[in-house]
Structures are given as structure tokens and as C-alpha cells.
Amino acid sequence: MTYQIPKGLFDILPYGVDQEWKLIHYWHFVESVIHDIVKDYGYKELRTPIFERTELFHHGMGQTTDVVSKEMYTFFDRAQRSMSLRPEGTAALMRAFIEHKLNTLGEHHKFYYCGPMFRYERPQSGRYRQHHQFGVEAVGDPSPYLDAEVIDLLLQFYDRLGIVDLSIRINSLGTPYSRSRYAEALKKYLHSSFQQLSKESQERFSKNPLRILDSKDPHDQLLLKKAPSLLDYLEDSEKHHFDVLCRLLTELNISFTIDPLLVRGFDYYDSTVFEVISHQLGAQNAIGGGGRYNHLLESFHGPHLPGIGFATGLERVIQTMISQGISVKDQTSPWICFIALEEQAFHSCFFWAMQLRHKKISSEVIEAKKIQKGLQKANHLQARYAAILGEEEMRNNTIILKDLLQREQQALPMASFLKTLEKLWTEQ
Ligand code: HAM
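Its first residue numbered 79, the sequence shown is counted upward by one per residue in our numbering.
If you want it as C-alpha cells, here you go:
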């Protein structure tokens, strides 16, 4: 029997991939940008486990949401407790925040995370059963300045990767009170067209009417065109919050669209919500999104503190980079590649490479019968230099150093060879 990876999953390899976005050096590059950018904005990493008690997600994200009701990887552990692989990061991070009483250690808190999430969705391009998210969550600050900061951080992240041509949509879901008033208005508006709604929207009508706004059904979308706008139901303070945010984004030179139909997929959201669309991605075009969750912590019996965050899917980020022609160099290439043309030469090359490695200079040793073959391999490894040692060089106590970039070569005395290399390394 041959074993194959389960459907909807993928391996990330150093080479030999069927699609470029699965090359590990893209992931390393994106991860290094993440760990850099969060420092500039003052976010600290918080890691939670891959699985949690199932109730956490039921309660945090909402029982009726698609992710919770249809897409969770849920299992019973050996003590028959229901556990689920995390489908997202926010609920677990809030659990950790409350459990460790982090609210007692300061007023404002800013965290980030980066790791795998699991959703049992129908796999397709850009949609996987294990995907990876970079996300941030900021707790304790109700100010629209924080909303602007979080959105700016997300867009700066894309910018630092070289990604262009993204659209950002924002909306406000108001408070639970304004939302329930709006839900009534929406139901009233849709009441007479109930039979024409898709089956899914009919189900949402009584359970969670706002989710109808998220329907992808073209007929529903048509009906929703003249639906009342959430923004008209905001209370004054929420309206003010949203207006200030829009002004701040404009001052930050961020172009955005206000989309009164944007509701996002989880029940914990209120006030500001936003989503970023990548035009290169096809059907699964949401590259990132987030929003405020001002009542999530208290709903977990935690402190009454507001929160806001985003998450962006790294698969979609890297796929967008590649489709926009942004290439990333494999930084794991050896700096120097020794080419040993015979057995005795291999022994010397092995020890030189070891000495260089001990000095943190990346080196590789290749055994080859012919120089050309050895150089081919060194080029394939994208080495900067090749050091060639054959019978003749051994006899003359020399070694040939070839600059694979400039295509120049010189014979160096063996005695001072390592010193010369170290000098070259520090001068580069
Ligand atoms: P989300 O919109 O469900 O939000 O997911 C965030 C991002 O993860 C999406 O924009 C998308 O890029 C990526 N993503 C989601 N599902 C998949 C999938 N099956 N395959 C590939 N990529 C996927 C959240 O998860 C919220 N926790 C974000 C948040 C943080 N809100 C506040 N704080």
C-alpha cells in the first residue's frame, strides 16, 4: 500500500514541488517579514495549542456559523472529552488571556500568532483543510486609532512583501443593541421575498439573519441590493467611531470601500469589520480580514475589555506574491561548494567545509568525476563560490576558487586558503 497525504492538505518542501508556493523558502521569507513587522508595531507573540475544548469554539465563534457547525475537526480524547483542532486563533487567544489574567498586567495588550488552522472545507485552489494564519489581537483599547493601526499593519505587511493591487472593504456592525434593531429591519425587508431566498438564507432568517448579507447566492445578492444598511442603524457613538476610523485611514493614504453588506463569518464581531481582497486569487479571494470583538472576553466570563484583530492566510499571501511575479531567493544556498574530484581530495574538502561551518560559513562538499558535473551541481545549489580540488591541485598544493557569480577563477595556495575565504566572507 502506498500512503498519500489526506485530501486538502499539502507538504512544504525545499524543492520538488508541483506548485511554487509550496517551496519552503517563500514561507521562511514571509515568516521573517512577520517577525520583523510586529516589532515595529509593538505586538508580542502568544502561542496557544493546536487543539482546545470544543465548547470554546462553539461559544466563542457562534454555534450557527459555518465554521463551527460544518467545518470543525472534532474528536473525543481518551477520557471522552470533546476536543477540536483550532479553526482560527482569536477564541483560543482570548481563552489564554483570561486564563493567565493578563488584564492584571497592564491596560493595553497587543499579541500576534502564526501557525496552522484546520477547517473541514471542500478543498479547492486557495482553500485547504489545514491552512496557516498570521494574526494579531489587541485587547483593552476601544479607540478607533487602534482600528486604524491594525488595518495599517495588515496592509504594511502586504506592502513589505511587495504585494500590490489589493482592495479593502470596511463596515461597522455596531453594538449588539443596534444589530438586533437592524436584524429586525432586515427580516421585515426580506419577509415578503422569503420564498425566493436560497435555502441557506432561509435557514439563517430565523437563526442569524445578519449572515444572509454574506450569502454568495446571486439571487440573494440581488434581493439584498436594496436592503436597509447596517450603517443607518448605528448608535451615535458607533457612528462617530466609524467616521473617525474612515478619516484616519484616509489620512494614512489607505484607499478603502465602505461595504454595508460586509458581516464576516463569526458571531464575535461587532463595531468595525474589514476584509482584504486579492484580485489574483480567483474564487477564494479573501486574503485577510478581521474586526472588533468588544464583547467576546466578557462572554467568556473574562474582564469587560474590547478587542480587535485580523488574520491573513499565508497560502493566499504566497500565491498572490507568485502570481504578481514576486520571487524570493533561497537563502539556504551554501556560500561555498567544495568540488572534490577524487577520494583523497574529498577527505581534505570535508575537513575544510567543517572548519568553515564551525565559523558559521555555510559550506557543502560535492564529489564529482568531472569538473563540469561538479560545477553544474554547485550552480544548482546556487552557491556563491566553488572550490575545486583534483589530482593536479593536490600535487601543487593549490586549490581553485571560482566565483560563480562573476565567472572568474584563481588558484590559491592551500596553506592560506581558509584565511583567504574567511576574509572574502567578512568583506562581502
Ligand atoms: P477568517 O476570515 O476566517 O478570519 O480567516 C482569515 C484568513 O485565513 C482568510 O482571509 C483567508 O486568507 C485564510 N483562510 C481561511 N480559511 C482558509 C482555508 N480553508 N484555506 C486557506 N486559507 C484560509 C479569522 O480566522 C479570524 N480569526 C480573524 C480575526 C482575528 N478576527 C479578529 N481577529
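Every residue gets a Cβ at the ideal spot worked out from N, C-alpha and C, and that includes glycine.
- Comparing alpha-carbon positions, the option among 432, 283, 332 and 257 lying closest to residue 349 turns out to be 257.
- The residue among 430, 127 and 172 with its C-alpha nearest the C-alpha of residue 138 is 172.
- Look at residue 418 here: in three-state DSSP terms it is strand.
- Relative to the non-hydrogen atoms of the ligand HAM, the Cβ of residue 195 comes within a distance shorter than 8 Å of at least one.
- Between the ligand HAM and residue 371, a heavy atom-to-CB distance of less than 8 Å is present.
- For residue 137, the Cβ stays outside the 8 Å cut-off from all heavy atoms of the ligand HAM.
- For residue 351, the uninterrupted beta strand (DSSP E) run begins and ends at 348 to 356, by DSSP.
- By the C-beta density criterion, residue 390 is buried, having at least 16 other C-beta atoms within 10 angstroms.
- Using a C-beta cut-off of 8 Å, the segment 406 to 416 makes contact with the segment 448 to 466, since at least three inter-stretch Cβ pairs fall below that distance.
- Fully contained in the segment 104 to 172 are the following alpha helix (DSSP H) runs of length 4 or more, in chain order: 132 to 139 and 144 to 148.
- When Cβ pairs closer than 8 Å are counted between the two stretches, the segment 269 to 281 is seen not to touch the segment 426 to 434, the count staying below three.
- Contact between residue 198 and residue 149 holds, with the beta-carbon distance rounding to 5 Å and staying under 8 Å.
- As a beta-bridge residue in DSSP terms, residue 245 pairs with 355.
- Annotated three-state conformation of residue 281 is helix, per DSSP.
- Ranked by Cα distance from residue 377, the options 134, 194 and 301 are led by 134.
- Annotated three-state conformation of residue 337 is coil, per DSSP.
- Bridge partners of residue 486 according to DSSP: 481.
- For residue 188, the secondary structure class from DSSP, reduced to helix, strand or coil, is strand.
- In the three-state reduction of the DSSP assignment, residue 388 falls in the strand class, which pools E and B.
- For residue 195, the beta-bridge partners assigned by DSSP are 209.
- In this structure, the C-beta of residue 211 approaches the ligand HAM to less than 8 Å from one of its heavy atoms.
- For residue 500, the enclosing alpha helix (DSSP H) begins and ends at 492 to 505.
- Three or more beta-carbon pairs drawn from the segment 125 to 132 and the segment 159 to 175 are found closer than 8 Å, and the two stretches are therefore classed as touching.
- Residue state for residue 81 is assigned as coil, using DSSP reduced to three classes.
- Between residue 397 and residue 339 the beta-carbon gap is near 26 Å, outside 8 Å, which marks them as no contact.
- Runs of the alpha helix (DSSP H) lying entirely within the segment 285 to 309 and spanning at least 4 residues, in chain order: 296 to 302.
- Restricting attention to 167, 208 and 170, the CA atom closest to the CA of residue 90 is found in 208.
- Residue environment for residue 242: exposed (fewer than 16 other C-beta atoms within 10 angstroms of its C-beta).
- For residue 325, the enclosing alpha helix (DSSP H) starts and ends at 314 to 329.
- Boundaries of the alpha helix (DSSP H) around residue 256: 254 to 269.
- For residue 461 and residue 482, the gap between their C-alpha atoms comes out near 7 Å.
- If you compare the alpha carbons of 115, 486, 279 and 250 with that of residue 369, the shortest gap goes to 250.
- Spatial neighbours of residue 108 in its own chain (CB-CB distance under 7 Å, excluding positions within 5 residues in sequence) are listed in chain order as 239, 392, 395 and 396.
- Taking a C-beta distance under 9 Å as the contact criterion, residue 375 and residue 176 qualify as a contact pair.
- For the options 168, 155, 235 and 79, the alpha carbon positioned closest to that of residue 119 is the one of 235.
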